[in-house]
Amino acid sequence: MNLPLPVLLTGLPPLVGPDTRLLILGSFPGGRSLQLQQYYAHPQNQFWKILQAIWPESPDALCVESYEQRSNWLLARGLGLWDVYAACERAGSLDSAIRNATPNDIAALQLPQLRAIAHNGGESFKHARHTRSLGVRVYRLPSTSPANASWSFERKLAAWRAVMQECGLV
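Residue numbers (my numbering): -18 to 151.
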């Protein structure tokens, strides 16, 4: 079987604001997210569904097709998004295929309200030693990726809700 050759890819800009209290760090956007220039764009990724379950008082926010509206909904609650890698070589969308990665400079974000960082999955959490140096709490969350099928939606939701509660976002 011939595997596709890795391609040099560039990630998405940070989705943060001056009121970001919790920064969610993924590893690197999947192919669909890069194509659409939207975080967690794969329809089977459970990220947006988990947030909707945590914040059910605004169910319409996720039912709209507008990524801008979803992004504003997230930012208004003090949540920000970025990835640990700025660029990498990868064939496909799996974290296990990431090669020659260049890390993002998380400290350069200068988020005055930042209280915690949560890593979305194991590949991102490999960089926890760097994020701990920022002087905020660091959490490891189960990946919302469809590749993380060993965790049920309910189990992922409970873990994500617990971190959101500890950070005062629920």
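Backbone N, C-alpha and C fix where the C-beta goes; we use that ideal spot for every residue, glycine too.
- Looking at the backbone, the Cα of valine -12 and that of aspartate 86 are separated by about 22 Å.
- Sequence-distant Cβ neighbours of valine 117 in its own chain, meaning closer than 7 Å and more than five residues away, are Leu95, Arg96, Ala97, Ile98.
- By the criterion of a C-beta distance shorter than 8 Å, asparagine 129 is surrounded in its chain by Gly102, Pro123, Lys137, once the five residues flanking it on both sides are discounted.
- In the DSSP annotation of this structure, the continuous segment of the alpha helix (DSSP H) that includes tyrosine 48 starts and ends at 48 to 57.
- DSSP, reduced to helix, strand and coil, places aspartate 0 outside both helices and strands of the structure shown, so it counts as coil.
- In the three-state DSSP reduction, threonine 83 falls in the strand class (E or B).
- In the DSSP assignment, tryptophan 63 falls within the beta strand (DSSP E) that extends over 60 to 64.
- In the DSSP annotation of this structure, leucine 122 is not part of any alpha helix (DSSP H); the continuous beta strand (DSSP E) holding it starts and ends at 118 to 122.
- In the three-state DSSP reduction, valine 151 falls in the coil class, being neither helix nor strand.
- Residue pairing from DSSP places asparagine 101 in a beta bridge opposite Leu122.
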